[in-house]
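Data first, discussion second: the structure below is written as structure tokens.
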Amino acid sequence: MALRNVSVLFAMLLNLALGSVLYGIYILLFLVSTYLFVHSRQVPSPRHGTASWGSRASRTVMALKSPIFVSSLVLWLGITTTWTVTVYDSFQAFVLYHDGLNADGYFHRFSRTSGIVKNTAIALSLAIGDAMIIYRLSVVWPNRKILSLAVLSFVGLLISLIATIVNVTKIQSTSRNVGSYDLGIIQAFSIIFPVFSVVTPVYCTALISYRMYTVGSAAGDHIVDERSLSYFAIILVESSVLYT
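The numbering used here puts the sequence shown at residues 814 to 1057.
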């Protein structure tokens, strides 16, 4: 089967299978990173003014003051909602909707509530992910000119995502209710927003990597040997290459 001719049902089943595997990997990484983030917080001592490890509750409160930690929680909410709705839609289409005899018709009901929720959750996840990497760029490179392109790309992503969701929800269950003008808008924005979603992380990752490489090279052996694998591993992690 040529990939350009895949059916909606094939795409949805593939989405469910691959999405479940990737969601499991994501949850594992999320739990580990959350545990490490919370337990690495040091709480200022009110008596001596020094930092201590404190109780679990106090460290959690300190973690909640971090923009990255709060954003990661919102990102988890968006990704979990996306996967949950994907599972829900699969059962609805293949089991419950017309006794599973019209799954294709179910997925072509673009204005259904579950579809709107899923599209909104995906948009939220993309927006939060890009906002987090822009924040990381602002920390290592606090320069307005450097940040301006990333911010403009992020704004373009938000506008295209909102426009796509709004226009998709106007589509009714039958194709004759879809005008060529509406389809043109949807197709245009569905092409535009992937461009913005690629430009932002690639731009930020490249600049973060360059910044860390130059700083690490200037520091020399005082931080870590720039010829070691650890040095490049640090750059890969801190520059969010895996996210990009």
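Cβ coordinates follow ideal geometry from the N, Cα and C atoms, glycine included. Bear in mind that the values here come from a model prediction, so they are computed numbers and not experimental data.
By alpha-carbon distance to residue 938, the top candidate from 1009, 889 and 1025 is 889. Excluding residues up to 5 positions away in sequence, 936 lie with their Cβ nearer than 8 Å to the Cβ of residue 975 in the same chain.
Exclusion of the five residues before and after residue 977 leaves 999, 1002, 1003 and 1006 as the residues of its chain whose Cβ lies within less than 7 Å of its Cβ. Approximately 7 Å separates the beta-carbon atoms of residue 829 and residue 900; this is inside 8 Å, confirming the contact. A distance of 8 Å or more separates the beta carbons of residue 941 and residue 963. A Cβ-Cβ distance of about 5 Å is found for the pair residue 1024 and residue 953, placing them in contact under the 8 Å criterion. CA-to-CA, the gap between residue 918 and residue 891 works out to about 26 Å.
Judged by beta-carbon spacing, residue 825 lies beyond the 8 Å limit of residue 924, meaning their Cβ atoms are not closer than that value. Fully contained in the segment 949-982 are the following alpha helix (DSSP H) runs of length 4 or more, in chain order: 957-981.
For the set 1055, 885, 850 and 894, the Cα lying nearest the Cα of residue 876 is the one of 850. In this structure residue 932 is buried. Its beta-carbon is surrounded by 16 or more other beta-carbon atoms within 10 angstroms. It is roughly 12 Å from the alpha-carbon of residue 823 to the alpha-carbon of residue 831. Spatial neighbours of residue 838 in its own chain (CB-CB distance under 8 Å, excluding positions within 5 residues in sequence) are not present. Pairing residue 970 with residue 920 gives a Cβ-Cβ distance that is not under 8 Å.
With fewer than 16 other CB atoms across the displayed protein chains lying within 10 angstroms of its CB, residue 1027 is exposed. A direct Cα-to-Cα measurement between residue 1017 and residue 950 gives close to 6 Å. In chain order, 966 place their CB closer than 7 Å to the CB of residue 1012, counting only its own chain and leaving out the 5 sequence neighbours on each side. With a threshold of 16 other beta carbon atoms within 10 Å, residue 912 falls short and is exposed.
For the pair residue 833 and residue 973, the Cα-to-Cα distance works out to about 27 Å.
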